[in-house]
Amino acid sequence: IVRGMSAEPFTSKKAALQILQVWVRSGAWTILPFYGWTRYVPEGNNTSCTIDNLPKDWRSSTYVLIYGIAVNFPPLLPQIYNNTINVRSLSNHEKQLRE
Numbered sequence: 643i644v645r646g647m648s649a650e651p652f653t654s655k656k657a658a659l660q661i662l663q664v665w666v667r668s669g670a671w672t673i674l675p676f677y678g679w680t681r682y683v684p685e686g687n688n689t690s691c692t693i694d695n696l697p698k699d700w701r702s703s704t705y706v707l708i709y710g711i712a713v714n715f716p717p718l719l720p721q722i723y724n725n726t727i728n729v730r731s732l733s734n735h736e737k738q739l740r741e
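First residue of the sequence shown: 643, per our numbering; consecutive thereafter.
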């Protein structure tokens, strides 16, 4: 069912590259409102800021829409793919055990 020790090892270099990718992507989405694509506004009790998603102008709408897609789907799609492979592998393994 699993590859165990024959799988490709997770190295420090791979970990560093993944951490760098997270920082670059999050930094890009954080800095875009400072350059005019939507804006930051204080939240209800003025203790923190968030993006301005209430106006119906194209800048706010496109930022929220594209941000939602770009931030949610890249992590979700590999999880769906891997879980599908796992379920198929387990199902095939159970069929083999029954035979």
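C-beta atoms are modelled at their ideal positions from N, C-alpha and C, and glycine is treated no differently.
Roughly how many whole angstroms lie between the Cα atoms of Pro717 and Gly686?
Position 75 of the sequence shown, counted from the start, is the residue given in the question as residue 717. Position 44 of the sequence shown, counted from the start, is the residue given in the question as residue 686. Each residue's Cα considered, the two are about 30 Å apart.
With 16 as the cutoff for other CB atoms within 10 Å, does Tyr723 come out buried or exposed?
Counted from its first residue, the sequence shown places residue 723 at position 81. When all chains shown are included, Tyr723 counts as exposed.
Just to confirm, is the Cβ distance from Pro720 to Ile693 under 9 Å?
As a first step, residue 720 must be located in the sequence shown, where it is residue number 78. As a first step, residue 693 must be located in the sequence shown, where it is residue number 51. Cβ atoms of Pro720 and Ile693: not closer than 9 Å.
Residues sharing a beta bridge with Pro684, DSSP
The sequence position of residue 684 within the sequence shown is 42, counting from 1. The beta-bridge partner set that DSSP reports for Pro684 consists of Cys691.
In the DSSP assignment, find the unbroken alpha helix (DSSP H) run with Thr704 in it and report its ends.
Position 62 of the sequence shown, counting from 1, holds the residue named residue 704. First-last of the alpha helix (DSSP H) with Thr704: Trp700 to Arg740.
Under DSSP, the alpha helix (DSSP H) around Thr672 begins and ends at which residues?
Counted from its first residue, the sequence shown places residue 672 at position 30. Run containing Thr672: Ser654 to Ile673, per the alpha helix (DSSP H) assignment.
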